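**Q**
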Amino acid sequence: MALLPIVQYPDPRLAQKAVPVEQFDEKLAKLAADMAETMYAAPGVGLAANQVGELIRMVVIDISEEKNDLKVLVNPFIEASSGELVECEEGCLSLPGIYEKVKRPSHVKIKYQNLQGEHCELECDELMSVCAQHELDHLDGVVFIDHLSMLKKQRAATKLAKLRKEKARAAKRADAE
Ligand code: K1U
Ligand code: ZN
Numbered sequence: 055m056a057l058l059p060i061v062q063y064p065d066p067r068l069a070q071k072a073v074p075v076e077q078f079d080e081k082l083a084k085l086a087a088d089m090a091e092t093m094y095a096a097p098g099v100g101l102a103a104n105q106v107g108e109l110i111r112m113v114v115i116d117i118s119e120e121k122n123d124l125k126v127l128v129n130p131f132i133e134a135s136s137g138e139l140v141e142c143e144e145g146c147l148s149l150p151g152i153y154e155k156v157k158r159p160s161h162v163k164i165k166y167q168n169l170q171g172e173h174c175e176l177e178c179d180e181l182m183s184v185c186a187q188h189e190l191d192h193l194d195g196v197v198f199i200d201h202l203s204m205l206k207k208q209r210a211a212t213k214l215a216k217l218r219k220e221k222a223r224a225a226k227r228a229d230a231e
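No gaps in the numbering here: position 139 of the sequence shown is 193 in this note's numbering, and each next residue is one more.
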């Protein structure tokens with residue numbers, strides 16, 4: 055297995071629509087395993103293939119505390135969603151340090167294929183619902199700050215640039231010591 059570099063906002067690959075998976079082979083299984091390792095190491099609870107530069111419709115999710123409930127969703131789509139909306143704070147490994155509240159349907163039913171190409175479904179609520187919707191958005195080239203007002207989105211982008219500058223300065227200082 056291998057740790058993969060995570061694509062950082064505003065890389066154009068995060069704004070592109072990913073293409074459906076057609077080949078359920080060893081290469082796909084290896085990418086899923088590498089994505090899972092990358093997600094656990096980050097640490098995160100989800101990761102979409104375009105966040106590691108692969109523009110295909112696959113996401114990995116594990117919201118369990120023990121990190122032993124990995125879900126690999128290939129060609130996922132939302133079959134049904136609740137009318138009820140909830141507002142939850144979200145983060146993203148492609149925008150580290152940015153956390154914002156986003157309103158989404160509280161429950162979703164997702165249909166997808168597993169790594170063998172078998173058709174499956176998943177009823178999601180709470181964190182699983184938020185995370186699954188966030189990851190499926192990635193596959194359509196949408197990041198969570200796209201759900202904010204233009205003003206809030208600009209503020210988030212400015213904060214991200216500031217955090218990156220601070221991180222680069224700290225790394226430079228550490229190098230000099
Ligand atoms: O898509 C991503 O970048 C992963 C993202 C998923 C997500 C988290 C929370 C709400 C919506 C979507 C993350 O995992 S960000 C990191 C994070 O929130 C987290 C990290 C460790 C433990 C628990 C949460
Ligand atoms: Zn994300």
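Cβ atoms here follow ideal geometry from the backbone N, Cα and C, with glycine treated the same way. Here the structure is a predicted model, which means the values were calculated and not measured.
1. Please confirm whether residue 199 and residue 149 have their CB atoms less than 8 Å apart.
2. Leaving out five residues before and five after residue 161 in sequence, what residues of the same chain have Cβ atoms less than 8 Å from its Cβ?
3. For a test of your reading of the model: does the CB of residue 161 fall under 7 Å from any non-hydrogen atom of the ligand ZN? Yes or no.
4. Skipping 5 residues on each side, what residues in its chain have a beta carbon closer than 8 Å to that of residue 94?
5. Quick check on the burial criterion: 16 or more other C-beta atoms within 10 angstroms. Buried or exposed for residue 190?
6. From residue 91 to residue 205, what does the alpha carbon distance come to, in whole angstroms?
7. Answer yes or no: do residue 99 and residue 112 have a C-beta to C-beta separation smaller than 8 Å?
8. Using a Cβ-Cβ cutoff of less than 7 Å, which residues in the same chain neighbour residue 62 once the five nearest sequence positions on both sides are dropped?
9. Would DSSP call residue 157 helix, strand or coil?
10. For residue 228, does the count of other Cβ atoms within 10 angstroms reach 16, so buried, or fall short, so exposed?
11. Mind pulling the beta strand (DSSP E) runs of 3 or more residues that sit fully within the segment 108-147?
12. Residue 276 bridges to which residues according to DSSP?
13. Can the beta-carbon of residue 89 be found closer than 8 Å to that of residue 72?
14. Helix, strand or coil: how does DSSP classify residue 149 here?
15. In angstroms with no decimal places, state the Cα-to-Cα distance between residue 170 and residue 152.
16. Under the criterion of a Cβ to heavy atom distance below 7 Å, does residue 178 qualify as lining the ligand K1U?
17. Residue 109: buried (16+ other C-beta within 10 angstroms of its C-beta) or exposed?
**A** Looking at the coordinates:
1. Their beta carbons are under 8 Å apart, which means residue 199 touches residue 149 by this criterion.
2. These residues qualify, in order along the chain: 135, 136, 138, 177, 178, 179, 183.
3. Checking the Cβ of residue 161 against the ligand ZN gives no.
4. Closer than 8 Å at the Cβ level, and outside the excluded window around residue 94, lie 116, 121.
5. By the Cβ-count criterion, residue 190 is buried, with 16 or more other Cβ atoms from all chains shown falling within 10 Å of its own Cβ.
6. Their backbone Cα atoms lie some 35 Å apart in a straight line.
7. Cβ distance not < 8 Å, so residue 99 and residue 112 don't count as in contact.
8. Excluding residues within five positions, the ones whose Cβ falls inside 7 Å are 148.
9. Assignment of residue 157 by DSSP, reduced to helix, strand and coil, places it in the strand class.
10. Burial check for residue 228: the Cβ neighbour count within 10 Å stays below 16, so the residue is exposed.
11. With a minimum length of 3 residues, the continuous beta strand (DSSP E) runs that stay inside the segment 108-147 are 112-115, 125-135, 139-144.
12. Given that the chain is displayed from residue 55 to residue 231, the structure contains no residue 276 and the question cannot be resolved.
13. Residue 89 is not a Cβ neighbour of residue 72, given a cutoff of 8 Å.
14. Residue 149 falls in the coil class under three-state DSSP.
15. Rounded to whole angstroms, residue 170 to residue 152 spans 36 Å at the Cα level.
16. No, the beta carbon of residue 178 sits no closer than 7 Å to any heavy atom of the ligand K1U.
17. With fewer than 16 Cβ atoms within 10 Å of its Cβ, residue 109 is classed as exposed.
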